[in-house]
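Undergrad: These protein sequence lines map, in sequence, to chains A and B. Be aware that the first sequence starts at 0, since it is given in numbering that gives the first Met the number 0, and climbs by one per residue. Be aware that the second sequence starts at 0, since it is given in numbering that gives the first Met the number 0, and climbs by one per residue. Below: one structure in C-alpha cells.
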Amino acid sequence: MNLPNTDEIIDDLEFLDNWEQRYQYIIDLGKALPGLPESQHKEEYLVRGCQSNVWLISEEKDDKLLLHVDSDAVIVQGLLTLVMAAYHDKTPEQILAFDIDNYFAQLDLENHITPTRGNGLRAIVGKVQQLAKHSQA
Amino acid sequence: MNLNVAQIREQFPILHREVNGKPLVYLDNAATTQKPQAVIDALTDYYTQCNANVHRGAHYLSDEATRRYEAARKTVADYIHANRQEEVIWTSGTTEGINRVANGVAQRLKAGDEVLVTEMEHHANLVTWQQACKRSGASLKVVPINEDGSLNIEQFHSLLSDNTVFVSMPHISNALGTINPVKELTAAAKAKDALVMIDGAQGVAHGAIDVQDIGCDFYAFSGHKLFGPTGIGVLWGSYEVLQDWPVWLVGGEMIATVSYQDATWGELPNRLEAGTPNIAGAIGLAAAIDWLQQFDAADILAHEQALLAKATKLAEQTDGLTIVGHADNKIGVLSFILDGAHPADIGFLLDKQGIAIRTGDHCAQPLMKRLKVPGTARASFTIYNTLDEVDKLFEGINKARLMLA
Chain A
0 MNLPNTDEII DDLEFLDNWE QRYQYIIDLG KALPGLPESQ HKEEYLVRGC
50 QSNVWLISEE KDDKLLLHVD SDAVIVQGLL TLVMAAYHDK TPEQILAFDI
100 DNYFAQLDLE NHITPTRGNG LRAIVGKVQQ LAKHSQA
Chain B
0 MNLNVAQIRE QFPILHREVN GKPLVYLDNA ATTQKPQAVI DALTDYYTQC
50 NANVHRGAHY LSDEATRRYE AARKTVADYI HANRQEEVIW TSGTTEGINR
100 VANGVAQRLK AGDEVLVTEM EHHANLVTWQ QACKRSGASL KVVPINEDGS
150 LNIEQFHSLL SDNTVFVSMP HISNALGTIN PVKELTAAAK AKDALVMIDG
200 AQGVAHGAID VQDIGCDFYA FSGHKLFGPT GIGVLWGSYE VLQDWPVWLV
250 GGEMIATVSY QDATWGELPN RLEAGTPNIA GAIGLAAAID WLQQFDAADI
300 LAHEQALLAK ATKLAEQTDG LTIVGHADNK IGVLSFILDG AHPADIGFLL
350 DKQGIAIRTG DHCAQPLMKR LKVPGTARAS FTIYNTLDEV DKLFEGINKA
400 RLMLA
C-alpha cells in the first residue's frame, strides 16, 4: 500500500485550515487504508478502545516491522494511518527513535490523540513500541 | 404554565461556555446532568460556613452540619415519598446501592433460587446479580425485550415463578429511554413473594418518584443525574426490609456498643452508614431537589417530551438514520445509528461542532449484542435543553453524514 510519509502528512494538514477540511482529510486517509479482512478481526489482534475496536497484526520482514491495522470507525482508521506513516515498514530502531509526541503535536489534531480519548490510538502506539523493543531484544 | 427555559439556562454557568469554538450544546444528560448555581452555592456554603463532622461533635458547627445533613435526608425522603426518612441510606451512587443490595441478597440466596433481570440492563444492574447468582448457585433469568425496545411483559410474567426470590429492573433504560411499567411488574413479583429492586438511575431524572406507589422494596439512584454533585447517591429501602438487612460496612457511626470481641449494630439509617459520610454531597443533592421542585413536574415532563418528539421527527426525516428503541412509552433519550458510520465517528464530528452526546455500548454490552448493533449514538435531553438545540443536533448529524459519505 502507498502510505503518505509523516512529513507529507504534516505538510498536508498544515495546509488545511479549518476543522472540516482537516477531518475530511483524516476520513479520506481512513477510507484509503486497506484494513483487514473480516476473518482477521480476531480477539487476539484486538486492541480495545472504549468506543471503537482496533485490530493490529504485525510481522517482521528484513529486520523491519510490517503492520496491518483496521478499525470499525473510519476516523480512528484515519488516525491509524497517521501512526502507520510513522511505524510501518520501519526497523525497531527507527520506531523507538521516532518522537511520536512531537509528531502528534505537529499534526495539531487538538484533543483527538490525547490519552484520555477512548479511541485506542495510544494503546496502538504503546503496543507497536513494545513490539519494537521485543524484536530488538 | 410553560417552563421558562431561557431563565433556567441562566442558572447553569457551564451552559455558557464554548467547546471547540462553538457554544456548548450539551446532550449527554443521561450520563450526567449539569449543576445549577444553587447546588454549586450549597457546596461552597457548606465548606465555607459549616464544615464539621456529623453526629458526634460536641460543638456548634457539628450540630449545624448534622442538622443540614439530616434535613437533606428528609428532603430526599419527601421527594421520593418514603414512609420515613430512616429508609434513605446515603451511598456513592446507583452502582453502590445495587451492589449493597446484591451482596445482601447473595448471602441469602441458595441453589434453586431465581433472580430476574431484563435484557435492557445497564451493567450495574446485571453484573451485580450475575455475580450474586454465581456465588450462591442461584440462577439468573433475563426477561427479553420486544423489537421496539419495550419489555416483553408476557415473558416477564412467564419467567416469574415460585422460585423467584428477587427481581431487579430499570425504571427507565439508559440506552433506549424505555419507561418500564414498574408498578404493575412490582405487583406481579410481590404476588410471588419476591423482593423487588428498581434501578432508578435514569428514572429519578424525569419526574417525582413515589416508592410507596411503585410498591418496590429498594430504589437506587445517583445525585449527579438529578442536577446534584457526583459521589452521592441514595439507596431507599422499606424499613421492614432494611432493619435486619446484612450490614455492608462496619466501623464508626454504625455501631451501638463495641467490646474487643464483639459489637452490636445501631439503628437505621446509621447501621448501614459506617464512617464519615459525604456530608457536602448530601447537602448538595438536597439543594438540587429543592431547586428542581420550584418547577411543576408536569411542565418538565411536557418540555422533555416536546424535545424528544422533535428529535424523533427530525431523525425520521434523516436519510440512513435508524432510531434504536421505539417503545411507545419512552423519555429523554434518542439512541440511533447511521448507515455506513460508526457511532464513534458521529460522536467525534458532533464534538467538533460543540455538541456533546454519548457514543458506544452505554454500559449495556449484552443489550447491544441483542440489538445487533456495535453501539449507538445517544442524545439525551433534560430541563435546560431547547428546541433550537435539537435543530443544531440535526444540522450536526447532517454535516457528519456528508463528511463520512
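Each residue gets a CB set at the ideal place from its N, CA and C atoms; glycine is no exception.
1. Excluding the 5 residues preceding and the 5 following residue 106 of chain A in the sequence, name in chain order all residues of the same chain whose CB lies nearer than 6 Å to its CB.
2. Less than 9 Å between the C-beta atoms of residue 349 of chain B and residue 338 of chain B, yes or no?
3. Going along chain B in order, which residues have a C-beta closer than 7 Å to the C-beta of residue 24 of chain A?
4. With a threshold of 6 Å on Cβ separation, who are the neighbours of residue 37 of chain B within its own chain once the five nearest residues in sequence on each side are excluded?
5. Distance, Cα to Cα, residue 221 of chain B vs residue 88 of chain B?
6. Quick check on the DSSP output: what are the complete beta strand (DSSP E) runs of length 3 or more inside the stretch 338 to 365 of chain B, in order along the chain?
7. For residue 245 of chain B and residue 106 of chain B, which I take to be in contact (beta-carbon distance under 8 Å), what is that distance rounded to the nearest angstrom?
8. Does the pairing of the stretch 18 to 28 of chain A with the stretch 65 to 80 of chain A give three or more beta-carbon distances under 8 Å?
9. Taking the straight line between their C-alpha atoms, what separation do you get for residue 168 of chain B and residue 174 of chain B?
10. In terms of alpha-carbon separation, which member of B/390, B/18 and B/46 lies closest to residue 306 of chain B?
11. Report all residues from its chain with a CB closer than 7 Å to the CB of residue 156 of chain B; omit the five preceding and five following residues, and keep chain order.
12. Which same chain residues, not among the five before or five after residue 91 of chain B, have their C-beta less than 8 Å away from its C-beta?
13. Which residues in the same chain as residue 124 of chain B place their Cβ atom closer than 7 Å to its Cβ, once the five residues preceding and following it in sequence are excluded?
14. Please tell me whether residue 127 of chain A and residue 57 of chain A are closer than 9 Å, where the distance is taken between their beta carbons.
15. Strictly under 9 Å for the Cβ-Cβ distance: is residue 99 of chain A near chain B by that measure?
16. Going by beta carbon distance, what residues of the same chain come within less than 8 Å of residue 151 of chain B, once the five residues before and after it are set aside?
17. What in chain B is Cβ-close to residue 51 of chain A, meaning under 7 Å?
18. Using alpha carbons as the reference points, say which of B/359, B/283, B/353 and B/356 lies closest to residue 44 of chain B.
19. With respect to the beta strand (DSSP E) encompassing residue 249 of chain B, which residues constitute its N-terminal and C-terminal limits?
20. Take residue 104 of chain B and list the residues in its own chain whose beta-carbon comes closer than 6 Å to its own, dropping the five residues that flank it on each side.
21. Mark residue 257 of chain B as exposed unless 16 or more other C-beta atoms lie within 10 angstroms of its C-beta, in which case mark it buried.
22. Taking residue 351 of chain B as the query, report the chain A residues whose CB atoms sit under 7 Å from its CB, ordered along the chain.
23. Does the beta carbon of residue 168 of chain B come closer than 9 Å to any beta carbon on chain A?
24. Could you pull the start and end residues of the alpha helix (DSSP H) that residue 135 of chain B belongs to?
25. Reducing DSSP to helix, strand and coil, say where residue 87 of chain A ends up.
26. Which partner residues of residue 113 of chain B appear in the DSSP bridge assignment?
27. So is residue 73 of chain A in contact with chain B if we call contact Cβ pairs under 9 Å?
28. On the three-state DSSP scale, how would you describe residue 259 of chain B?
29. Using 8 Å as the Cβ pair cut-off and three pairs as the minimum, do the stretch 349 to 367 of chain B and the stretch 23 to 42 of chain B touch?
30. Under 9 Å between C-beta atoms, does residue 398 of chain B make it to chain A?
TA: This is what the structure holds:
1. 12
2. no
3. None at all; the shortest Cβ gap to chain B is about 11 Å.
4. 286 and 290
5. Their Cα atoms are separated by approximately 12 Å.
6. 357 to 359
7. About 5 Å separates the two Cβ atoms, so the contact holds.
8. Flag = yes, the stretch 18 to 28 of chain A and the stretch 65 to 80 of chain A touch.
9. 14 Å
10. Looking at B/390, B/18 and B/46, the one whose alpha-carbon comes closest to that of residue 306 of chain B is B/390.
11. 187
12. 230, 231, 232 and 277
13. 97, 116, 167, 169 and 198
14. Yes; because the gap between Cβ atoms is below 9 Å, this pair is in contact.
15. no
16. 142, 143, 144 and 145
17. 341 and 343
18. B/283
19. No beta strand (DSSP E) holds residue 249 of chain B; DSSP gives it neither H nor E.
20. Once the five neighbours on either side are set aside, the close Cβ partners of residue 104 of chain B are 131 and 165.
21. exposed
22. Within chain A, the residues 18 and 22 have their CB atoms less than 7 Å from the CB of residue 351 of chain B, given in chain order.
23. With 9 Å as the cut-off, residue 168 of chain B does not count as an interface residue toward chain A.
24. 126 to 135
25. coil
26. B/138 and B/163
27. For residue 73 of chain A, the answer is yes, since a Cβ of chain B falls inside 9 Å of its Cβ.
28. coil
29. yes
30. So yes, residue 398 of chain B belongs to the interface.
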